[in-house]
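A short worksheet on the structure shown next.
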Amino acid sequence: MKKIVILISGRGSNMQAIVQASQAQQWPAQIAAVISNKPDAAGLAYAASQGIPTKVVDSKSFASREDFDTALMHAIDNYQADLVVLAGFMRILTPDFVQHYENRIMNIHPSLLPSFVGLHTHQQALDAGVKFHGATVHFVTAELDHGPIIDQACVRIEHGDDENSLASKLLVKEHVLYPRAVRLFVEGKLVVQGNRVIVNGSEADHCAI
Ligand code: GAR
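Going letter by letter, the sequence shown gives residues 1 to 209 in UniProt numbering.
What follows is the structure, encoded as structure tokens:
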């Protein structure tokens with residue numbers, strides 16, 4: 001039984017999708033805790049309602065990034081996490097932190113990486129005039145929004161789309177993509193080979209539009 005700790009900063013809809021999939025599909029995994037760096041993160045209430053332990057490590061109460069990451073690491077390790085899942089966790093992590101969880105920390109980023117790293121990815125895609133936008137689940141490395149790509153999902157950008165419509169369309173896809181990627185991990189099906197992730201078994205095409 002793999003132990004998963006999910007980190008959030010806000011709404012937590014991806015966390016919710018992962019919790020629901022783990023319950024409905026009876027994964028060989030336990031959501032050991034949901035941890036937020038913000039005391040008012042809305043997702044904490046949902047986790048608590050599911051009987052999942054919650055914890056706040058308030059990033060505002062630490063003098064440095066290193067101090068915060070050390071406290072966060074202790075909080076995660078307290079739950080003996082096999083996998084750390086960043087689900088709308090809006091913090092840049094130190095290389096030491098990332099190294100500690102090498103190949104067992106994943107993130108969802110709302111773009112088709114390696115395009116559009118950082119913030120405002122929907123607007124970045126609109127500004128670039130691309131016809132497809134998407135989301136990427138990847139293992140986390142020290143470089144922001146890089147790291148071996150596990151899976152991606154995409155949506156077509158339609159005439160008239162704006163930042164909000166694009167975000168809404170994509171979120172629906174994220175809620176399928178992320179639970180599926182986490183499930184592959186807990187089932188031991190992901191193999192990291194350099195910058196590639198090999199999926200041991202069949203791979204559905206999430207880019208169908
Ligand atoms: C999601 O769209 C996720 O892809 C994005 O934040 C949103 C969180 O929503 N993540 C990032 O931008 C990470 N750089 P949620 O809290 O409802 O899951």
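Think of the CB as a built atom: it goes at the ideal place given N, C-alpha and C, for glycine as much as any other residue.
Gly-118 is classed as exposed because its beta carbon has fewer than 16 other beta carbons within 10 Å across all chains shown.
In the DSSP assignment, Phe-132 falls within the beta strand (DSSP E) that extends over 132 to 139. Residue state for Val-56 is assigned as strand, using DSSP reduced to three classes. When the Cα atoms are used, Gln-16 and Ala-128 turn out to be separated by approximately 31 Å. Separation of Asp-67 and Ile-8 (C-alpha to C-alpha, rounded to the nearest whole angstrom) is 18 Å. Taking 7 Å as the cut-off, the C-beta of Asn-14 counts as close to a heavy atom of ligand 1. One thing to note: Leu-44 has its Cβ no nearer than 8 Å to the Cβ of Val-57. When the beta-carbon positions are compared, Pro-148 and His-138 come within less than 8 Å of each other. In the three-state DSSP reduction, Gln-152 falls in the strand class (E or B). Counting C-beta pairs closer than 8 Å gives fewer than three between the region 19 to 39 and the region 92 to 112, which falls short of the contact rule. Beta-bridge pairing by DSSP links Arg-196 to Ile-149, Gln-193. In this model, Asp-162 and Ala-42 are separated by some 25 Å (Cα to Cα). Pairing Thr-94 with Asp-69, the inter-Cα distance amounts to about 7 Å. Shown here, Ala-32 sits in a strand according to DSSP, grouped into three states.
Around the beta carbon of Lys-131, fewer than 16 other beta carbons lie within 10 angstroms, which makes this residue exposed. Counting C-beta atoms within 10 angstroms of its own C-beta, Lys-38 has 16 or more neighbours from the protein chains shown and is therefore classed as buried.
Judged by their CB atoms, Gln-152 and Leu-184 are not nearer to each other than the 8 Å cut-off. Bridge partners of Lys-38 according to DSSP: none are assigned.
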